[in-house]
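Remarks on the structure that follows.
Residue numbers (my numbering): 148 to 764.
If you want it as structure tokens, here you go:
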């Protein structure tokens, strides 16, 4: 079981943040009282967390990330982790959170399967399927799947403070689903939607039977209101960011209607952060689409009394800013050639957007025959172009949408330089540190090493071209940039002998190049997290030793002993995780330390911390 990436803060909708934090503080308090009479619980002493006789939790199933960012926190661990691409086992008490535009699949070992939608928070329970809740849904949505002609067990889920039972009606040969979606602004309000199989929905004080084209809405008072017609919202999706064109600021709202109940019209409700942004439109239900002009901001929308609220953001598509070639530049061809290698650079677009580059000959407004259409780098591309006068521009678009927001045209020329220019100095490295550390930054990923390269800016340079070499002198990456800085992501296999070279493209078109400069990697020792130095657990208590991850680390070496020089070791092991357990069986002073190992290279040992083990009360 792999735990990847850094500890992270749990994100929530802004309107529910205070409710969720309040709930977490209350839960911690109740857990502390409960732990006084439990043999397997967390003990909160003097602000420190220790584990009391921790035994392995009962495995319930596997959680797998389908898209976006999914976070998992084990019941016996205080830290959130980002879930990797591979599935991970889950146990009773574990928490799962999906970010905006994220989803996950939860498979119980008994065969039941569920999908967790965006911005959802659930906690798993260690109970069999049936009358007791298998999980608690605090916010978001979860969809359970039923197999045709199988012995279907009722599913019980705790939504807010209410227990909801879902009982598929037998006698059908179709596969079915049942989805519960919680209103982010009020956890007492939720919607239950069946798939192709009829569904009985039961709470403590209500019961309804839903046909495939129906839905049930639970209000704050506890009533279940059944809709005679099911309408599912298609877009904007919950948590989606909608990008609008600056000249046509329309947002498309779409839904899917089920069988008709005789209603010709539905009411579309849209609410923004400002009171004056509220809209309510009456539209024909059968059109299943509406177009509304909106400004940038955060909104929610629904079909009144037909669907739950869904949250989305609106952002205007702003084209990237051109960096180079600058307007009016003249670029000299290579020696004894009619071609020039031209780096095109622009400011990086917003996350989730893609740039589009257009280059045409000024005389004919047609693209050169050798021009490639794809743009592999988000902030630049390099092309070989013939002599001539050119126009170019950069636009931005969202994948899946054809409309592009274009920036203004800029011109440049490939030809002979008619006037002399002042000679420029070669680019030189200008970094405050001579080495790059593998110590993981707060925004880093443990499977990557982000190397920031800086050099001295060159007078009259329009842009730069950076080439990264491996230890054998082969090119790893060549990238155009507009400023005298570049970030390179190194892989584990490329750490030895890295170097780089910078070429500066002058306004005259001349290119000057630096000497090849080595990039030195410092394999840093891990930073210890807890327990704190001098903590005093009791004999028999299971203590978790934890440290901060380092980048591109294959495994960690942990040592623990009773001698400060580590001559007598009780623990001497390797671990791929950044934590391990230790249970002392004698009173005394214990010392522990950690180091990282990558490709046979060992970092220095971390600081040494001590544990003062006391007699159990």
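All C-beta atoms in this analysis are idealised placements derived from N, C-alpha and C, irrespective of residue type, glycine included.
Run of the beta strand (DSSP E) containing residue i, from where it starts to where it stops
i, result
"residue 491", "486 to 493"
"residue 292", "282 to 293"
"residue 353", "Neither: residue 353 is in no beta strand (DSSP E) and is coded neither H nor E."
"residue 416", "412 to 419"
"residue 245", "242 to 245"
"residue 645", "Taken as a continuous stretch (DSSP letters only), residue 645 belongs to no beta strand (DSSP E), as it is neither H nor E."
"residue 701", "Neither: residue 701 is in no beta strand (DSSP E) and is coded neither H nor E."
"residue 538", "535 to 544"
"residue 610", "608 to 616"
"residue 766", "The chain is shown from 148 up to 764; residue 766 falls before or after that span and cannot be answered."
"residue 720", "716 to 722"
"residue 341", "333 to 341"
"residue 478", "476 to 478"
"residue 302", "302 to 306"
"residue 669", "667 to 669"
"residue 502", "501 to 508"
"residue 260", "260 to 263"
Integer-rounded CB distance, given that residue j should sit under 8 Å from residue i
i, j, result
"residue 472", "residue 609", "6 Å"
"residue 267", "residue 214", "Not a contact, Cβ separation roughly 13 Å."
"residue 348", "residue 398", "Not really, about 33 Å apart at Cβ, beyond 8 Å."
"residue 623", "residue 699", "Wrong, their Cβ atoms sit about 15 Å apart, outside the cutoff."
"residue 358", "residue 345", "6 Å"
"residue 496", "residue 543", "5 Å"
"residue 265", "residue 385", "5 Å"
"residue 550", "residue 486", "With 8 Å as the limit, residue 550 and residue 486 do not qualify as a contact, their Cβ atoms being about 34 Å apart."
Beta-carbon spacing of residue i, residue j below 8 Å
i, j, result
"residue 585", "residue 596", "yes"
"residue 611", "residue 651", "yes"
"residue 631", "residue 603", "yes"
"residue 307", "residue 325", "no"
"residue 760", "residue 683", "yes"
"residue 628", "residue 492", "yes"
"residue 270", "residue 281", "no"
"residue 686", "residue 718", "no"
"residue 474", "residue 541", "no"
"residue 243", "residue 224", "no"
"residue 539", "residue 506", "yes"
"residue 208", "residue 254", "yes"
"residue 416", "residue 449", "yes"
Alpha-carbon spacing of residue i relative to residue j, whole angstroms
i, j, result
"residue 509", "residue 536", "6 Å"
"residue 559", "residue 390", "31 Å"
"residue 691", "residue 288", "34 Å"
"residue 746", "residue 669", "13 Å"
"residue 625", "residue 396", "38 Å"
"residue 313", "residue 722", "43 Å"
"residue 534", "residue 752", "59 Å"
"residue 744", "residue 666", "20 Å"
"residue 293", "residue 679", "49 Å"
"residue 671", "residue 750", "6 Å"
"residue 402", "residue 382", "7 Å"
"residue 748", "residue 529", "37 Å"
"residue 724", "residue 704", "10 Å"
"residue 570", "residue 653", "Bear in mind that the predicted position of residue 570 carries a pLDDT of just 40, short of 50, making it unreliable; the figure below should be weighed with that in mind. Straight-line Cα distance between these residues: approximately 9 Å."
"residue 663", "residue 635", "16 Å"
"residue 333", "residue 368", "12 Å"
"residue 675", "residue 587", "13 Å"
"residue 421", "residue 454", "23 Å"
"residue 556", "residue 465", "15 Å"
Burial state of residue i (16 or more Cβ within 10 Å)
i, result
"residue 702", "exposed"
"residue 438", "exposed"
"residue 756", "buried"
"residue 661", "buried"
"residue 710", "exposed"
"residue 754", "exposed"
"residue 232", "exposed"
"residue 728", "exposed"
"residue 286", "buried"
"residue 714", "exposed"
"residue 763", "exposed"
"residue 400", "buried"
"residue 429", "exposed"
"residue 434", "exposed"
"residue 730", "exposed"
"residue 696", "buried"
"residue 241", "buried"
"residue 616", "buried"
"residue 765", "Here the chain has residues from 148 to 764 only, and residue 765 is not among them."
Chain B contact for residue i (CB, 8 Å cutoff)
i, result
"residue 254", "Of the chains in the structure shown, none is chain B; there is only one protein chain."
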